[in-house]
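To keep things clear, I will list the structure first and then write my remarks on it.
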Amino acid sequence: MTPSAASSRPGAPGLGIPEVTVAPGDTATAVLTVRNDSDIVEAYSLEVVGDCAAWTTVEPARVSLYPGTSETVTLRLTPPRSPEVRAGELPLGVRVLPAEHPESVQVLETTVHVGEFRELHTELTPRRRRGWLRGRYRLAVRNQGNSPVGVGFTAGQAGEELGFAFTPAERTLEPGESAEVGLRVRTGKPVWFGAPVVWPFTVDTTETGDQEETRQDEPAVRAPLDAEFVQIPVFPRWLLVVLAALLALLLAWFALVRPAVRSAAREAATEAVQPRPTPAGEEGAAGRAPGSGTGAGTGTDTGAGTGTGAGGGQGSGAPSGSGDGTSAGDGTSAGGGRQSSETIDVQTSGGETKTGTYRVPEGSVFGVTDIVVANFQGDEGLLTITFGDRKVTTIALETFRNQDYHWVTPIKIPENDTVTVEVTCEKPGTPASGRQAQGCHEVLNVSGVLSRTTQ
Numbered sequence: 004m005t006p007s008a009a010s011s012r013p014g015a016p017g018l019g020i021p022e023v024t025v026a027p028g029d030t031a032t033a034v035l036t037v038r039n040d041s042d043i044v045e046a047y048s049l050e051v052v053g054d055c056a057a058w059t060t061v062e063p064a065r066v067s068l069y070p071g072t073s074e075t076v077t078l079r080l081t082p083p084r085s086p087e088v089r090a091g092e093l094p095l096g097v098r099v100l101p102a103e104h105p106e107s108v109q110v111l112e113t114t115v116h117v118g119e120f121r122e123l124h125t126e127l128t129p130r131r132r133r134g135w136l137r138g139r140y141r142l143a144v145r146n147q148g149n150s151p152v153g154v155g156f157t158a159g160q161a162g163e164e165l166g167f168a169f170t171p172a173e174r175t176l177e178p179g180e181s182a183e184v185g186l187r188v189r190t191g192k193p194v195w196f197g198a199p200v201v202w203p204f205t206v207d208t209t210e211t212g213d214q215e216e217t218r219q220d221e222p223a224v225r226a227p228l229d230a231e232f233v234q235i236p237v238f239p240r241w242l243l244v245v246l247a248a249l250l251a252l253l254l255a256w257f258a259l260v261r262p263a264v265r266s267a268a269r270e271a272a273t274e275a276v277q278p279r280p281t282p283a284g285e286e287g288a289a290g291r292a293p294g295s296g297t298g299a300g301t302g303t304d305t306g307a308g309t310g311t312g313a314g315g316g317q318g319s320g321a322p323s324g325s326g327d328g329t330s331a332g333d334g335t336s337a338g339g340g341r342q343s344s345e346t347i348d349v350q351t352s353g354g355e356t357k358t359g360t361y362r363v364p365e366g367s368v369f370g371v372t373d374i375v376v377a378n379f380q381g382d383e384g385l386l387t388i389t390f391g392d393r394k395v396t397t398i399a400l401e402t403f404r405n406q407d408y409h410w411v412t413p414i415k416i417p418e419n420d421t422v423t424v425e426v427t428c429e430k431p432g433t434p435a436s437g438r439q440a441q442g443c444h445e446v447l448n449v450s451g452v453l454s455r456t457t458q
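For the sequence shown, our numbering gives the first residue as 4, with consecutive numbering after it.
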């Protein structure tokens, strides 16, 4: 910098500041001359003012001059490489304050041209995402340069298995401004079984719009960010082992267990239909027809009618093995029974509890083998079944519409004991008609063998 000519005013220093150009992160200097045109010794204090004062110094900051003498001072400009120092023209001022004549203070101004630099910081989180078909990432972008810049985003992959979508696709960032961009990665086909598939891809941030050429010291190509999408299978690997085990069990059932069960059931059925041995008395009665019989001599025949022997004897008798005239085959003796089925119908209003009973007749025992409960309206509440003093089960009505129970060994209920159904109606249901019922309605059918206990 060439110093300017001296001022012609008495006592004023000569100072001239031409324009200065400096790049952020670099240092620029300006040399200027201070001359004392007064007739006394004067001391001058120099101070930088304006937008550049934070990163501009003057050396020395104070000079003392005899009349007619001058001294050279240096302005040193060191703008930081930061978005806080915007690119463009900034004002620079130097205030010169005489010690003896402070009223003659002067502020000399000039313009500083701050160069432009561009710097983008990007970060992708997470770098690794797992999913069946898609994954979501967040791309954080910050403009560390000192001028506005438009940025665009691109993603690349070696193949064509992945699709990418940025939200938004472009942004304009002021110096120091940050933005967050969403990235959605999607695959075209699911992986049903097997090991997870790793899809690597890259994300790049580029400047868009009419941008000036980059400086020589700035990299022309920005390294892209590496990331991965791990596509996990829909069904885990252990599920294949479980399916294989179930298939093996199913094959074993059809090949080994089922034939054995069928054979055992066939043998049991064959044994059940074989004729039982008939007692001697019943066999005699069945072997002879009631009516007259002829004997070889005089005697009494065992037929049901009158018999005449060859010797002229006559007699009458009853069939062997008969008791009070009732045989065991009619289901009324102590050793037999007949199938019996009873129905208990219980209708209950909402919020009430009602019971329905069936009492076993006197002189009988009821061997229960099956019960069927019908909740055809879909009522809500509680149903309890009791055989005598034994509570069989308690069921929530809303858990079923029809429920049945079966026993191989009958549950015996003695005479005068009851089968009791207790229903607590909390909320009537809606039958097939589509209109909500006024009350709860449950039906219990109990089946088994009713046998006589006395002859």
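Glycine residues also receive a C-beta, built at the ideal position from the N, C-alpha and C atoms.
The Cβ-Cβ distance between residue 84 and residue 60 does not fall below 8 Å.
Cβ contact annotation for residue 199 (same chain, cutoff 7 Å, sequence separation greater than five): 233, 234, 235, 236, in chain order. Boundaries of the beta strand (DSSP E) around residue 133: 131-134. Only residues of its own chain outside the window of five on either side were considered, and among them 175, 176, 177, 178 have a CB closer than 8 Å to the CB of residue 151, listed in chain order.
Ranked by Cα distance from residue 129, the options 185, 415, 431, 373 are led by 185. In this structure, DSSP gives residue 94 an extended state, which the three-state scheme calls strand.
Contact between residue 448 and residue 344 holds: CB atoms are separated by about 6 Å, below the 8 Å threshold. Secondary structure note for residue 251: it is in no beta strand (DSSP E), and the uninterrupted alpha helix (DSSP H) holding it is 240-255. Less than 8 Å divides the Cβ of residue 426 from the Cβ of residue 349.
Residues of the same chain with a CB within less than 6 Å of the CB of residue 387, apart from the 5 flanking positions on each side, are 397, 425 in chain order.
Here the region 414-425 makes no contact with the region 435-443; the two share fewer than three CB pairs at distances below 8 Å. Checking the DSSP bridge columns, you'll see residue 390 partnered with 393, 422. The bridge partners DSSP lists for residue 186 are 140, 169. The beta-bridge partner set that DSSP reports for residue 119 is empty.
Put simply, the region 104-119 does not touch the region 63-75. Fewer than three CB pairs are less than 8 Å apart. In the displayed model, residue 230 falls within a strand according to three-state DSSP.
When the five nearest sequence neighbours on each side are left out, the beta carbons in the same chain lying within less than 6 Å of the beta carbon of residue 408 are those of 374, in order along the chain. When only Cα atoms are considered, residue 44 and residue 50 end up about 20 Å apart. Taking all protein chains in view, the Cβ of residue 271 is surrounded by fewer than 16 other Cβ atoms within 10 Å, so the residue is classified as exposed. In terms of CA proximity to residue 74, 46 leads the group 183, 205, 46. Look at the beta carbons and you see the region 35-43 not touching the region 119-128: under three pairs across the two are nearer than 8 Å. In this structure, residue 195 sits near residue 238, with a CB-CB distance shorter than 8 Å. Contact annotation, residue 432 with residue 383: C-beta distance approximately 7 Å; criterion of less than 8 Å satisfied.
Assignment of beta-bridge partners to residue 202 by DSSP yields 232. Shown here, residue 45 sits in a strand according to DSSP, grouped into three states. Around the CB of residue 140, 16 or more other CB atoms lie within 10 Å, so the residue is classed as buried.
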